[in-house]
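*Asks:* Taken in order, these protein sequences are the chains called V and G. The working numbering puts the first residue of the first sequence at 1, with every later residue one more than the last. The working numbering puts the first residue of the second sequence at 161, with every later residue one more than the last. Ideal Cβ placement from N, Cα and C applies to all residues, glycine included. Please see the structure below; I have some questions.
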Amino acid sequence: MVNPQMVMYEEEFNQIQSVVDRLVKDANAKVVFIVDKNGQLIAASGDVDNLDTTSLASLTAGNIAATGGMAKLLKENEFATQFHEGEKANIHIQLVGNRVILVVIFDSKSSLGLVRLRVRKASEELNHIFEALLKKVSEPGADSPFAEITDEDIDNLFND
Amino acid sequence: MSFINYMAREINCKIVYYGPGLCGKTTNLQYIYERTNPEAKGKMISLATETDRTLFFDFLPLALGEIRGFKTRFHLYTVPGQVFYDASRKLILKGVDGVVFVADSQIARLEANQESLENLRTNLSEQGYSLDKIPYVVQYNKRDMPEIGTVEELRELLNPAKTPDFEGIARTGVGVFDTLKAVAKLVLTELKKGGP
Numbered sequence: 001m002v003n004p005q006m007v008m009y010e011e012e013f014n015q016i017q018s019v020v021d022r023l024v025k026d027a028n029a030k031v032v033f034i035v036d037k038n039g040q041l042i043a044a045s046g047d048v049d050n051l052d053t054t055s056l057a058s059l060t061a062g063n064i065a066a067t068g069g070m071a072k073l074l075k076e077n078e079f080a081t082q083f084h085e086g087e088k089a090n091i092h093i094q095l096v097g098n099r100v101i102l103v104v105i106f107d108s109k110s111s112l113g114l115v116r117l118r119v120r121k122a123s124e125e126l127n128h129i130f131e132a133l134l135k136k137v138s139e140p141g142a143d144s145p146f147a148e149i150t151d152e153d154i155d156n157l158f159n160d
Numbered sequence: 161m162s163f164i165n166y167m168a169r170e171i172n173c174k175i176v177y178y179g180p181g182l183c184g185k186t187t188n189l190q191y192i193y194e195r196t197n198p199e200a201k202g203k204m205i206s207l208a209t210e211t212d213r214t215l216f217f218d219f220l221p222l223a224l225g226e227i228r229g230f231k232t233r234f235h236l237y238t239v240p241g242q243v244f245y246d247a248s249r250k251l252i253l254k255g256v257d258g259v260v261f262v263a264d265s266q267i268a269r270l271e272a273n274q275e276s277l278e279n280l281r282t283n284l285s286e287q288g289y290s291l292d293k294i295p296y297v298v299q300y301n302k303r304d305m306p307e308i309g310t311v312e313e314l315r316e317l318l319n320p321a322k323t324p325d326f327e328g329i330a331r332t333g334v335g336v337f338d339t340l341k342a343v344a345k346l347v348l349t350e351l352k353k354g355g356p
């Protein structure tokens, strides 16, 4: 299979969520979220209620993809870190283990130095968790819940 | 690459609309956006030039409903159709679960369709996918224009494998949802089989 499915289980999700929750506090951030490279939101924490995280996730992944494309043209492996500075909000984007993207949004209550420091530590933890998760997914017996759906189930989705 | 989230009980899939410049990919997404209930859709994002040509991609998240207690979410993307944006097209195809090829039915665009289809095949295979295996549907768009090829002609040129195909007038919505449903169905059927 060229394209293994990304799967998230409760155990790993809780581990990831606790890393993200902690990072919000440690980095004095407004929002922290994790996106996979295809733009799917995996976890988020902080002041997310007024934020369109789905759109942000997709744009972040597009951004990382475009930067990765530039890196390739320059014969670089990857540009793993990006930082965008705004008037009020800043955004720090970090590629973790070439697999997922860790995004930190912060304002003047924090600083780039603090964010970078905390992101580095969180990245290591996240890398371990995702490595374990991928191993679990590739183990036999990890059946898709969709293996048992019927054609009828699929048809029902479109009967409106 | 679909994403199954047991925690949120969600399944996320990525569908890409491909085709030559000005064939109506963005128009397809715009129509879907306009005709979908607010609770079933997110914001539509268009990264376009000042003249409204797609520069990087359009993005529209859609919720289709539940299957066996799992919410099914589809992320629809378009690629920029213009030939020189090939590097961007490749990026958008990453992790794709299903492809819609939007063809321009106008006779003057026949060659552009073929070129774009060939480009799709190449870009997919660079990532280890095959157009013959991936969930894939074709839409013959712009059926309301003068000087268009017949569906038989277009099918012979663009869809010899006879994957599901539809006539479309994306501007007014003809064929738009039929196309979307067909590709979504193929994607879910593929998931049932256990992935691409």
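With DSSP as the reference, identify every bridge partner of methionine 6 (chain V), one or two as the case may be.
*Replies:* In the first sequence, counting from the first residue as 1, residue 6 (chain V) sits at position 6. Its beta-bridge partners are G:Phe163.
*Asks:* In the DSSP assignment, find the unbroken alpha helix (DSSP H) run with leucine 346 (chain G) in it and report its ends.
*Replies:* One-based indexing of the second sequence puts residue 346 (chain G) at position 186. 336 to 353 is the extent of the alpha helix (DSSP H) around leucine 346 (chain G).
*Asks:* So for leucine 51 (chain V), helix, strand or coil by DSSP?
*Replies:* As a position in the first sequence, residue 51 (chain V) is number 51, starting the count at 1. DSSP places leucine 51 (chain V) in coil when its eight states are reduced to three.
*Asks:* Between alanine 247 (chain G) and chain V, is any beta-carbon pair separated by less than 8 Å?
*Replies:* Reading the second sequence from its first residue, position 87 is the one you call residue 247 (chain G). So yes, alanine 247 (chain G) belongs to the interface.
*Asks:* Under 7 Å between beta-carbons, which chain V residues line up against serine 162 (chain G)? List them in chain order, please.
*Replies:* In the second sequence, the residue the question calls residue 162 (chain G) occupies position 2. Near serine 162 (chain G) (Cβ distances below 7 Å), the residues of chain V are Gln5.
*Asks:* Using the DSSP secondary-structure output, state which residues sit across from threonine 238 (chain G) in a beta bridge.
*Replies:* Counting from one through the second sequence, the residue named residue 238 (chain G) turns up at place 78. According to DSSP, threonine 238 (chain G) bridges with G:Tyr177, G:Asp218.
*Asks:* Name the two residues that bound the continuous beta strand (DSSP E) containing phenylalanine 326 (chain G).
*Replies:* Counting from 1 along the second sequence, the entry for residue 326 (chain G) is found at position 166. First-last of the beta strand (DSSP E) with phenylalanine 326 (chain G): 325 to 327.
*Asks:* Return yes when the Cβ of valine 262 (chain G) is within less than 8 Å of the Cβ of cysteine 183 (chain G), no when it is not.
*Replies:* Sequence index remark: in the second sequence, residue 183 (chain G) carries index 23 (1-based). Sequence index remark: in the second sequence, residue 262 (chain G) carries index 102 (1-based). It is a contact, given that the beta carbons lie within the stated cut-off.
*Asks:* Taking only beta-carbon atoms, is isoleucine 175 (chain G) less than 8 Å away from chain V?
*Replies:* Walking along the second sequence from the start, residue 175 (chain G) turns up at place 15. No - not a single Cβ of chain V is within 8 Å of the one on isoleucine 175 (chain G).
*Asks:* For isoleucine 205 (chain G), write down the residues that DSSP places opposite it in a beta bridge.
*Replies:* Residue 205 (chain G) sits at position 45 when you count from the first residue of the second sequence. Isoleucine 205 (chain G) pairs with G:Phe219.
*Asks:* Taking 8 Å as the threshold (beta carbon to beta carbon), is isoleucine 227 (chain G) in contact with chain V?
*Replies:* The sequence position of residue 227 (chain G) within the second sequence is 67, counting from 1. For isoleucine 227 (chain G), the answer is yes, since a Cβ of chain V falls inside 8 Å of its Cβ.
*Asks:* Could you please tell me which residues of the stretch 12 to 38 of chain V, in chain order, have their CB closer than 9 Å to any CB of chain G?
*Replies:* Of all residues in the stretch 12 to 38 of chain V, Glu12, Phe13, Asn14, Gln17, Asp36, Lys37, Asn38 have a Cβ within less than 9 Å of some Cβ in chain G.
*Asks:* I want to see whether chain V comes within less than 8 Å of proline 221 (chain G), judged by CB atoms only; does it?
*Replies:* Walking along the second sequence from the start, residue 221 (chain G) turns up at place 61. Chain V contact via Cβ: present.
*Asks:* Give the residues from the stretch 246 to 268 of chain G that approach chain V closer than 9 Å (Cβ to any Cβ), ordered along the chain.
*Replies:* Residues Ala247, Ser248, Lys250, Leu251, Ile252, Lys254, Gly255, Val256, Asp257.
*Asks:* Do the CB positions of isoleucine 358 (chain G) and leucine 157 (chain V) come within less than 8 Å of each other?
*Replies:* Residue 358 (chain G) is absent from the model: chain G starts at 161 and stops at 356.
*Asks:* From serine 123 (chain V) to threonine 209 (chain G), what does the alpha carbon distance come to, in whole angstroms?
*Replies:* For this step, residue 123 (chain V) is matched to residue 123 along the first sequence. For this step, residue 209 (chain G) is matched to residue 49 along the second sequence. Rounded to the nearest angstrom, the two C-alpha atoms are 35 Å apart.
*Asks:* Is arginine 120 (chain V) helix, strand or coil by DSSP?
*Replies:* By 1-based counting over the first sequence, the position of residue 120 (chain V) is 120. Looking at arginine 120 (chain V) - three-state DSSP - the assignment turns out to be helix.
*Asks:* My parser needs the beta strand (DSSP E) runs of 3 or more residues fully inside the stretch 227 to 276 of chain G; what are they?
*Replies:* Those beta strand (DSSP E) runs which fall completely within the stretch 227 to 276 of chain G and span 3+ residues are 230 to 238, 258 to 264.
*Asks:* Hey, is glutamate 210 (chain G) close to the ligand FMN, as in C-beta under 7 Å from one of its heavy atoms?
*Replies:* With respect to small molecules bound, the structure shown includes none, and the ligand FMN cannot be examined in it.
*Asks:* Out of G:Val260, G:Val343, G:Ala330, which one is the CA nearest neighbour of leucine 318 (chain G)?
*Replies:* Taking the first residue of the second sequence as 1, we reach residue 318 (chain G) at position 158. Comparing Cα positions, the closest option is G:Val260.
*Asks:* Name the DSSP beta bridge partners of alanine 43 (chain V), please?
*Replies:* What you label residue 43 (chain V) is simply residue 43 of the first sequence in a count that begins at 1. Its beta-bridge partners are V:Ile34.
*Asks:* Which residues, in order along the stretch 193 to 206 of chain G, keep a beta-carbon less than 7 Å from a beta-carbon of chain V?
*Replies:* Residues passing the 7 Å Cβ filter: Gly202, Lys203, Ile205.
*Asks:* Going along chain G, which residues have a C-beta under 7 Å from glycine 69 (chain V)?
*Replies:* Taking the first residue of the first sequence as position 1, residue 69 (chain V) is located at position 69. Chain G residues near glycine 69 (chain V): Ala247, Leu251.
*Asks:* Buried or exposed for glycine 46 (chain V), going by 16 or more other Cβ atoms inside 10 Å?
*Replies:* For this step, residue 46 (chain V) is matched to residue 46 along the first sequence. The residue is buried, with at least 16 neighbouring Cβ atoms inside 10 Å.
*Asks:* For a cutoff of 8 Å on Cβ pairs, would you count lysine 185 (chain G) as touching chain V?
*Replies:* Residue 185 (chain G) sits at position 25 when you count from the first residue of the second sequence. For lysine 185 (chain G), the answer is no, since every Cβ of chain V falls outside 8 Å of its Cβ.
*Asks:* How would you label asparagine 98 (chain V), buried or exposed, when you count the other beta carbons within 10 angstroms and need 16 or more for buried?
*Replies:* The sequence position of residue 98 (chain V) within the first sequence is 98, counting from 1. With fewer than 16 Cβ atoms within 10 Å of its Cβ, asparagine 98 (chain V) is classed as exposed.
*Asks:* What residues match up with phenylalanine 85 (chain V) in a beta bridge as DSSP calls it?
*Replies:* In the first sequence, residue 85 (chain V) corresponds to position 85, counting from 1. At residue 85 (chain V) the sequence reads glutamate, which differs from the phenylalanine that was named. Paired residues: V:Asn90.
*Asks:* Taking DSSP as the reference, what is the three-state secondary structure of phenylalanine 106 (chain V)?
*Replies:* The residue given as residue 106 (chain V) occupies position 106 in the first sequence. The answer is strand: DSSP assigns phenylalanine 106 (chain V) an E or B state.
*Asks:* In terms of DSSP beta bridges, what is tyrosine 300 (chain G) paired with?
*Replies:* Translated into positions along the second sequence, residue 300 (chain G) becomes position 140. G:Ala263, G:Glu327.
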